[in-house]
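Colleague: By our numbering, the letter at position 4 of the sequence shown is numbered 4, and the numbering carries on one by one without gaps.
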Amino acid sequence: MDLHHPRDPRPSAATVRDRSCPSGTARPPRRHRPGPAPLSLPAGLSVGLGHDAVGTSASHGERILARLPRAGCVFADEGRWWWIVPSGSDIGVAWPAGTHYVVGDPSWTRARPGGRASGPRLVHGPDGDSPYTAPIPLYFLVCRFAGVPPRWSLAP
1 MDLHHPRDPR PSAATVRDRS CPSGTARPPR RHRPGPAPLS LPAGLSVGLG HDAVGTSASH
61 GERILARLPR AGCVFADEGR WWWIVPSGSD IGVAWPAGTH YVVGDPSWTR ARPGGRASGP
121 RLVHGPDGDS PYTAPIPLYF LVCRFAGVPP RWSLAP
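#1: Near Asp-8, what residues of its chain come up, given a Cβ to Cβ distance below 8 Å and the 5 sequence neighbours on each side ignored?
#2: With a threshold of 16 other CB atoms inside 10 Å of the CB of Phe-140, please say whether the residue is buried or exposed.
#3: Check whether the Cβ atoms of Leu-138 and Cys-73 sit closer than 8 Å, and answer yes or no.
#4: Out of curiosity, what's the CA-to-CA distance linking Cys-143 and Asp-129?
#5: Should Cys-143 be flagged as near chain B, meaning a C-beta pair shorter than 8 Å?
#6: Span of the beta strand (DSSP E) holding Ser-57?
#7: When we look at the beta-carbon of Ser-153 and count the other beta-carbons within 10 Å, is it buried (16 or more) or exposed?
#8: Would you mind sorting Cys-21 into buried or exposed? The rule is 16 or more other CB atoms within 10 Å of its CB.
#9: Using a 10 Å radius around the Cβ and a threshold of 16 neighbouring Cβ atoms, would you call His-90 buried or exposed?
#10: Anyone know if the C-beta pair for Thr-99 and Val-54 falls short of 8 Å?
#11: Using the rule of at least 16 other Cβ atoms within 10 Å of the residue's Cβ for burial, across every protein chain shown, is Ala-71 buried or exposed?
Here's what the structure looks like:
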């Protein structure tokens, strides 16, 4: 059985998967509950895997960061911490209610020369040249703090 399912890391349009809705379906971002404002990754990072973002509650952000063996770029705004993960980190897993998974054009996090980005601020830079937080340890911690067991499937 071949479990490898190639995925195009170039999404056609940004979508937010709101895990608080029962169906967990993909839909365009809603104006009153969008994904993060444009994020600026530090220059010089390798982003060959594309990237998405996982939004967790701000109240869990520091606790998650303290327990991860290694974290990539983490951004924060008033209500959420946004963790940069490789594209496709939502495939086969059920992120808990209240967690936002944002898929978008990689340009939404490209470094912006000379200007200060508005929106979420970088609260943790990566150790090394990769912007990614490993999605599996992040997923297990998010589930733990949400009080739900991890759930995943082998089918996409």
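Positions of the beta carbon are idealized from the N, C-alpha and C atoms, including for glycine.
Modeller: So, to answer that:
#1: Translated into positions along the sequence shown, residue 8 becomes position 8. Only weak support exists for where Asp-8 lies, its pLDDT of 38 falling under 50; the value from the coordinates is given anyway. No residues qualify anywhere along the chain.
#2: The residue labelled residue 140 in the question sits at position 140 within the sequence shown. Under this definition Phe-140 is an exposed residue.
#3: Residue 138 sits at position 138 when you count from the first residue of the sequence shown. Residue 73 sits at position 73 when you count from the first residue of the sequence shown. No. Outside cutoff.
#4: The residue you call residue 143 lines up with position 143 of the sequence shown. The residue you call residue 129 lines up with position 129 of the sequence shown. Near 27 Å, if we compare the C-alpha coordinates of Asp-129 and Cys-143.
#5: Among the chains in the structure shown there is no chain B, since it carries only a single protein chain.
#6: The sequence position of residue 57 within the sequence shown is 57, counting from 1. Ser-57 -> beta strand (DSSP E) spans 52-57.
#7: Within the sequence shown, the letter at position 153 stands for residue 153. So Ser-153 ends up on the exposed side.
#8: As a first step, residue 21 is located in the sequence shown; it is residue number 21 there, counting from the start. Because Cys-21 carries a pLDDT of 41, less than 50, the predicted location of this residue cannot be relied on, and the following value inherits that uncertainty. Exposed.
#9: Counting from 1 along the sequence shown, the entry for residue 90 is found at position 90. Strictly speaking, residue 90 in this sequence is Asp, with His absent from that position. Buried: at least 16 other Cβ atoms inside 10 Å.
#10: For this step, residue 99 is matched to residue 99 along the sequence shown. For this step, residue 54 is matched to residue 54 along the sequence shown. Yes; because the gap between Cβ atoms is below 8 Å, this pair is in contact.
#11: Here residue 71 corresponds to residue number 71 of the sequence shown, with the count starting at 1. Its Cβ being crowded by 16 or more others within 10 Å, Ala-71 is buried.
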